[in-house]
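Down below is the structure, laid out as structure tokens.
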Amino acid sequence: MVGQQEVAERMVGLRGAVGHELPTNGTKPSENGVLSEQAGADVSLQLNTHPLLSGEQPIEAEDGVDVWVLGEVYGFDDTPLGGTTGHVPLPTGQDSVEFCSQLYADHGREFVHGLNGNCVGIIHDRDARELSVFTDRLGSVPIYYATPDEGIVFATEIDAVARHPAVETEFDLGYLHEYLVYRRPFGVKTPLVGIEELQPASITTIDIDDGSIDVEQYWRPQYRPQEAPFEEFVGEFTDRFTELFEEWRRDDLEYGVLLSGGSDSRLNLAALGPGTTAFHMAGWMSREARTAERVALESDSEFVFLRRNHDYQKEALVRNQPFSNFNGWFTQGYATGFEEEITSRVNVLLSGMYADTLFKGHVIPSPSYDLGQVGNLSIPIETKIETVPEFIDWLVEIAPSDDNLPFPNDLRSTLEENIYREDGGIIHHGVRYDSIQDLVYCSGYFPLTNDDDVIFRNSLREMLPYRTPFLDNRMVDLSLRMPIRYRLRRNVINEAVKRLDPKLASIPHADAGLGLDHSFPIDFTGRKLKALWRKHVAQETPPRSYLSNGSWVNDAELIRQDDFYWRAVEANADVIEGLEFLDFEDVRACYQDHLDGRNNVVELYTLLTVLTMPITRQLAGARSAHRPEPTGDYRSILQGGPQ
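Numbering (the UniProt record's numbering), first residue to last: 1 to 643.
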């Protein structure tokens, strides 16, 4: 089940080196993608991308200067450079790298300050003997790097950097502990010693001759709430959202939406209009699936139900391995098992990701109460955080794991060592924020790897051009002006759906059981009452215990009902034995506690994601030959040792 994987094809990625050979992640370029390479005595670069996004690269911006771009550029705003034109969308007929090369010719390297998009790029100035790597404002395409022997090695895959012959690394137990508890380390830190992520909103310039590195950070989020009526924000939000869809949409392309039963993806469908393909993933035709189907049909869109089979999570363990960068679980490449169904129907895919983070209360500290059998009750009132120690207390409080897997270091100590005040600002795992407000409200998405869904974005970006409109700079800027009370006790997404398509807004939300056209008090109260009714009165039993009435698998129950988890652990027993900080008996005990009723799914899934990463096997000194299929019943295995 979990043996050696065949060499995978990759369509998307960027790798480079100065003073060293090119890093590789053990994949081969996809025949369907565009492969661009440049190999020299001092600089080596390789870029794989979709043909829809770019032709062969680089493009020469001017004599001696080459530009490369991975991802998409949506436009350029000259305001940060002192201009008055404002935002200009990507010109029709130009791709991102052509646009960037033109901007470089007009503004020099500083054009990056006004770039709007989800991308990473390279400026290679051969005459000046400099190589610059630039990231977008949120670092939405993370680049990992190491600096061995007065050179640099970097890649979109941390595994490619870690396995480079010039790079020596080992696990940093503090950051690995953070990953096991939070499903990601924070800031630019990684669980591998000597390997970090490039800063978001930065231009990192390497001197090719002496290997020195200069980092310029050109933007930081600054939360500056604007006092204005809520309706003004709704109007501006709707106008901006509609505008960017008008800029994005091309008549010669087919568009798809990952559609849930909620409001965020429904807004995408409302903005795109009829003729869109709506995809919904679930293990059965659940309440949410039925809601999504109704929304799709009401919008005159094709509804495509992507049914997960029983082994979907087990198969994801191998299928999603290339996307693991110590962020998220192997299961979070949610759509990879449906690549053919999606790519055969559409050219571009959209999701509603980050609407909760930027325009709702997802990252806002607020009180939550455990009411026992009734469930948890979250109150839409902000819990004020005014000091760094209070912020650390909050991080400890909201940890998704109870830390039930023994680990040889203290989590709070790691947080305290990495979050502190310095020179009038606050450093959070290597990333600077100008104020405690900015830290609290913006660190959930700056950098974007502070969110634990990077593996989801990476896997979608691999399949086809993928967009989430809420990450457009204009939407982020609006979020930074919206008062917190509107994010907690109003719903700008619902209001925008009402304005764009009232019929879609009238369809009840799959969870709330109410349409999107109700006031917040009615929606909040109705949602809680509906949840109580469904939990204690309604008969909405899924056909299998590990399924739910939502889009997601009940992974806690799946682990109890299927032996795939323990079989995967057994297949990687040699890795566990090679890691000094991990004991097989502790893993067994954590798993057994979960079978007995404790919810240890965070510890178990995060651990399994780590164990199946190639770099973990290398650091553990485990053999790399094909391992035999584990045999035997998993409950009987619990009574013995590693088989």
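Virtual Cβ for every residue (Gly too), placed ideally from N, Cα, C. None of the values given here were measured: they were computed from a predicted structure.
The three-state secondary structure of Val318, taken from DSSP, is helix. Three or more beta-carbon pairs separated by less than 8 Å link the segment 577-592 to the segment 398-409, which places the two stretches in contact. In the structure shown, the three-state DSSP call for Glu422 is strand. Taking the C-beta atoms as reference points, Glu298 is found no nearer than 9 Å to Lys498.
Secondary structure note for Trp566: its alpha helix (DSSP H) is the uninterrupted segment 564-571.
Partner residues in a beta bridge of Leu198, as assigned by DSSP, do not exist. When C-alpha distances from Gln46 are compared across His87, Ala155, Leu349, Leu53, the shortest belongs to Ala155. Close CB contacts of Leu35 within its chain, under the 7 Å cut and outside five residues either way in sequence, are with Pro29, Asn48 (chain order). Met281 carries a strand assignment under DSSP once its states are collapsed to helix, strand and coil. In this structure, Phe520 places its C-beta atom within 9 Å of the C-beta atom of Asn491.
In the displayed model, Ser378 falls within a strand according to three-state DSSP. Beyond the five residues adjoining it in sequence on each side, Asp434 comes within less than 7 Å, by CB distance, of Arg220, Gln222, Gly425 in the same chain, given in chain order.
In this structure Glu288 is in contact with Asn549, their Cβ atoms being roughly 6 Å apart against a cut-off of 8 Å.
Ala39 places its beta carbon 9 Å or farther from that of Thr238.
Excluding five sequence positions before and after Thr135, the CB atoms of its chain that fall closer than 6 Å to its own CB belong to Val120, Leu198, Pro200, Ser202, given in chain order.
Buried is the label assigned to Val112, since at least 16 other Cβ atoms lie within 10 Å of its Cβ.
Residue state for Glu236 is assigned as helix, using DSSP reduced to three classes. Around the CB of Pro469, 16 or more other CB atoms lie within 10 Å, so the residue is classed as buried.
Cβ neighbours of Leu619 within its own chain (closer than 7 Å, five residues either side excluded): Glu170, Phe171. In its chain, beyond the 5 residues on either side, Ile123, Ser132, Ile203 have a beta carbon closer than 7 Å to the beta carbon of Arg109. Nearest Cα to Glu232 within the set Arg481, Asp574, Val601: Arg481. The distance from the Cβ of Ala160 to that of Thr24 is about 6 Å, consistent with a contact at the 8 Å cut-off. For Asp593, the uninterrupted alpha helix (DSSP H) segment begins and ends at 584-595. Here Arg319 has Gly333, Thr336, Gly337 as same chain residues with Cβ atoms under 8 Å from its own Cβ, once five neighbours each way along the sequence are excluded. For Asn473, the enclosing alpha helix (DSSP H) begins and ends at 473-479.
Counting other Cβ atoms within 10 Å of its Cβ, Thr84 stays below 16 and is therefore classed as exposed. Between the C-alpha atoms of Asp66 and Phe76 there is a straight-line separation of about 19 Å. The residues Glu288, Thr291, Ala292, Ala510, in chain order, have a CB closer than 6 Å to that of Gly261 in the same chain once the five nearest residues on each side in sequence are set aside. When the Cα atoms are used, Val167 and Ile158 turn out to be separated by approximately 12 Å. Below 8 Å, enough C-beta pairs join the segment 449-461 and the segment 314-330 to call them touching: three or more. Between the beta-carbon of Pro380 and that of Phe230 there is about 14 Å, and that puts the pair past the 8 Å contact cut. As DSSP reads the structure, Ala17 sits in a beta bridge with Ser44, Val153. Across the set Ala571, Thr606, Trp566, Ile615, the C-alpha of Trp566 shows the shortest separation from the C-alpha of Leu595.
Boundaries for Pro502: no beta strand (DSSP E) harbours it, while the alpha helix (DSSP H) harbouring it runs 502-506, taken from the DSSP string.
The continuous stretches of beta strand (DSSP E) do not include Leu267, which lies in the alpha helix (DSSP H) extending over residues 264-272. Between Phe446 and Leu349, the C-beta spacing is not below 9 Å.
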